[in-house]
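Down below is the structure, laid out as structure tokens.
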Amino acid sequence: DVKVTQSSRYLVKRTGEKVFLECVQDMDHENMFWYRQDPGLGLRLIYFSYDVKMKEKGDIPEGYSVSREKKERFSLILESASTNQTSMYLCASSFSEGGLTEAFFGQGTRLTVV
Amino acid sequence: AQSVSQHNHHVILSEAASLELGCNYSYGGTVNLFWYVQYPGQHLQLLLKYFSGDPLVKGIKGFEAEFIKSKFSFNLRKPSVQWSDTAEYFCAVSRKGTGNQFYFGTGTSLTVIP
Numbered sequence: 289d290v291k292v293t294q295s296s297r298y299l300v301k302r303t304g305e306k307v308f309l310e311c312v313q314d315m316d317h318e319n320m321f322w323y324r325q326d327p328g329l330g331l332r333l334i335y336f337s338y339d340v341k342m343k344e345k346g347d348i349p350e351g352y353s354v355s356r357e358k359k360e361r362f363s364l365i366l367e368s369a370s371t372n373q374t375s376m377y378l379c380a381s382s383f384s385e386g387g388l389t390e391a392f393f394g395q396g397t398r399l400t401v402v
Numbered sequence: 017a018q019s020v021s022q023h024n025h026h027v028i029l030s031e032a033a034s035l036e037l038g039c040n041y042s043y044g045g046t047v048n049l050f051w052y053v054q055y056p057g058q059h060l061q062l063l064l065k066y067f068s069g070d071p072l073v074k075g076i077k078g079f080e081a082e083f084i085k086s087k088f089s090f091n092l093r094k095p096s097v098q099w100s101d102t103a104e105y106f107c108a109v110s111r112k113g114t115g116n117q118f119y120f121g122t123g124t125s126l127t128v129i130p
């Protein structure tokens, strides 16, 4: 079974803190994604990566950055957390174009910024 | 704007009622189509997917969906819902040739009353 593991289920951080959300997948997937999930807004793509050290902005990248130094790990960074970044963050991974594929999701990290 | 639209935001049904959740997308070209389900407190799981071939696809737990290309639709159906189907349902589209990005609808919350 594919496993996508997010390092924390719940996080509480203070405004202005630098926050790291970590995600690891064990299926050698090329693609990895970070979404945030908010009620009534569905899943919105923050960033995705199609290879090590490669990244593309999604629909809502402002206030976020990412790092992918190894194929299995994709980190989301909130440079200076703000209260409007309180949300559920979902990591996903998938094989790249050319194969039958779907996205596999982690359990999510519920981040509260106070 | 290109998008994935789910028409029903919140659906309440009694057990044994039939279910149909609408999904329309506005992307041109060849697409892959997915329905994901998120049970309370759990991660997003794939319910079913369409890549090619028979436009009527069957998924887990008695769910099925029909791809109607002319209508850009991929509606989810189940003939008889159970209380355990209470969950949030997301339609998603990935477009071939875009690095396998996934675009999600805003979700439909289904409550099944025993």
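As they're listed, the protein sequences go chains A and B. The letter at position 53 of the first sequence is residue 341 when you use this note's numbering, and the numbering goes up by one with no holes. The letter at position 101 of the second sequence is residue 117 when you use this note's numbering, and the numbering goes up by one with no holes. Using N, Cα and C, we set each Cβ at its ideal position, and we do this for glycine too.
With distance defined between alpha-carbon atoms, name the residue in B:A32, B:L72, B:A33, B:D101 nearest to T124 (chain B). Here the question's residue 124 (chain B) lines up with position 108 in the second sequence. Nearest of B:A32, B:L72, B:A33, B:D101 to T124 (chain B), Cα basis: B:D101.
- State yes or no: is the C-beta of V307 (chain A) within less than 8 angstroms of the C-beta of L378 (chain A)? For the purposes of this step, residue 307 (chain A) is taken as the residue at position 19 of the first sequence. For the purposes of this step, residue 378 (chain A) is taken as the residue at position 90 of the first sequence. No, the pair does not count as a contact, with Cβ atoms beyond the cut-off.
- Message: Just list the residues that DSSP pairs A81 (chain B) with in beta bridges.
- Response: Within the second sequence, the letter at position 65 stands for residue 81 (chain B). In the DSSP output, where bridge partners are listed per residue, A81 (chain B) has B:V73, B:L92.
What residues in its chain sit with their C-beta under 6 angstroms from that of E104 (chain B), if we drop five residues either side in the sequence? Here residue 104 (chain B) refers to the residue found at position 88 when the second sequence is read from its first residue. Hits under 6 angstroms: Q54, G123, S125.
key: For C379 (chain A): DSSP bridge partner residues   = Start at 1 with the first residue of the first sequence, and residue 379 (chain A) comes out as number 91. DSSP output for C379 (chain A) lists A:W322 as bridge partner(s).
Euclidean distance between Cα positions of D70 (chain B) and F83 (chain B): Sequence index remark: in the second sequence, residue 70 (chain B) carries index 54 (1-based). Sequence index remark: in the second sequence, residue 83 (chain B) carries index 67 (1-based). Distance between the alpha carbons of D70 (chain B) and F83 (chain B) is about 9 angstroms.
Hey, quick one: how far does the beta strand (DSSP E) through G304 (chain A) stretch, first residue to last? Within the first sequence, the letter at position 16 stands for residue 304 (chain A). That residue, G304 (chain A), is in no beta strand (DSSP E); it is neither H nor E in DSSP.
6 angstroms CB neighbourhood of F90 (chain B) in its chain, flanking five on each side removed: As a working note, residue 90 (chain B) is residue 74 in the second sequence. These residues qualify, in order along the chain: C39, L49, A81, F83.
Partners in chain B for E390 (chain A), counting only beta-carbon separations shorter than 9 angstroms:
What you label residue 390 (chain A) is simply residue 102 of the first sequence in a count that begins at 1. Going along chain B in sequence order, the residues near E390 (chain A) (Cβ under 9 angstroms) are N48, F50, Y52, L62, K65, A108, S110, F118.
Just list the alpha helix (DSSP H) runs in the stretch 20–69 of chain B, keeping only unbroken ones of 4 residues or longer that don't cross its boundaries, in chain order. none
Does any residue of chain A bring its CB to less than 8 angstroms from the CB of T122 (chain B)? The sequence position of residue 122 (chain B) within the second sequence is 106, counting from 1. Output row for T122 (chain B): interface = yes.
DSSP has G394 (chain A) in a bridge; who is on the other side?
As a working mapping, residue 394 (chain A) is identified with position 106 in the first sequence. Answer by DSSP bridge pairing: none, since G394 (chain A) is not bridged.
**Asked** In whole angstroms, what is the alpha-carbon distance linking M315 (chain A) and K291 (chain A)?
**Response** As a first step, residue 315 (chain A) is located in the first sequence; it is residue number 27 there, counting from the start. As a first step, residue 291 (chain A) is located in the first sequence; it is residue number 3 there, counting from the start. Distance between the alpha carbons of M315 (chain A) and K291 (chain A) is about 7 angstroms.
| task | Might you give, ordered along the chain, the residues of its own chain that have their beta carbon closer than 6 angstroms to the beta carbon of S30 (chain B), omitting 5 neighbours on each side? | result | Here residue 30 (chain B) refers to the residue found at position 14 of the second sequence. The residues are I129.
Q. In chain B, which residues lie with their C-beta within 8 angstroms of the C-beta of G394 (chain A)?
A. Counted from its first residue, the first sequence places residue 394 (chain A) at position 106. Correct list: H59.
> On the premise that T303 (chain A) lies in contact with V402 (chain A), defined as a C-beta separation below 8 angstroms, what is that separation, rounded to the nearest angstrom?
Replying inline: Residue mapping note: residue 402 (chain A) aligns to position 114 of the first sequence, counting from 1. Residue mapping note: residue 303 (chain A) aligns to position 15 of the first sequence, counting from 1. About 7 angstroms separates the two Cβ atoms, so the contact holds.
Taking 8 angstroms as the CB-CB cut-off, is L378 (chain A) touching chain B? For this step, residue 378 (chain A) is matched to residue 90 along the first sequence. Yes, contact with chain B.
Margin query: Can you tell me whether Q98 (chain B) is helix, strand or coil according to DSSP?
Written below: Walking along the second sequence from the start, residue 98 (chain B) turns up at place 82. Q98 (chain B) falls in the coil class under three-state DSSP.
**OP:** Compute the distance between the beta-carbons of H317 (chain A) and S381 (chain A), then report whether it is under 8 angstroms.
**Re:** Working through the first sequence from its first residue, we reach residue 317 (chain A) at position 29. Working through the first sequence from its first residue, we reach residue 381 (chain A) at position 93. Yes, the Cβ-Cβ distance between H317 (chain A) and S381 (chain A) is below 8 angstroms.
| field | Under 9 angstroms by beta carbon: chain B residues contacting L333 (chain A) | value | If you number the first sequence from 1, residue 333 (chain A) lands on position 45. The answer, in chain order, is Q117, F118, Y119, F120.
F120 (chain B) and L331 (chain A) - do their beta-carbons sit closer together than 8 angstroms?
Counting from 1 along the first sequence, the entry for residue 331 (chain A) is found at position 43. Counting from 1 along the second sequence, the entry for residue 120 (chain B) is found at position 104. Contact flag set, yes.
Report task. Compare the C-alpha of Y43 (chain B) against each of B:K87, B:V73, B:S19 and name the closest. Result -> Taking the second sequence and counting its residues from 1, the one referred to as residue 43 (chain B) is at position 27. It is B:S19.
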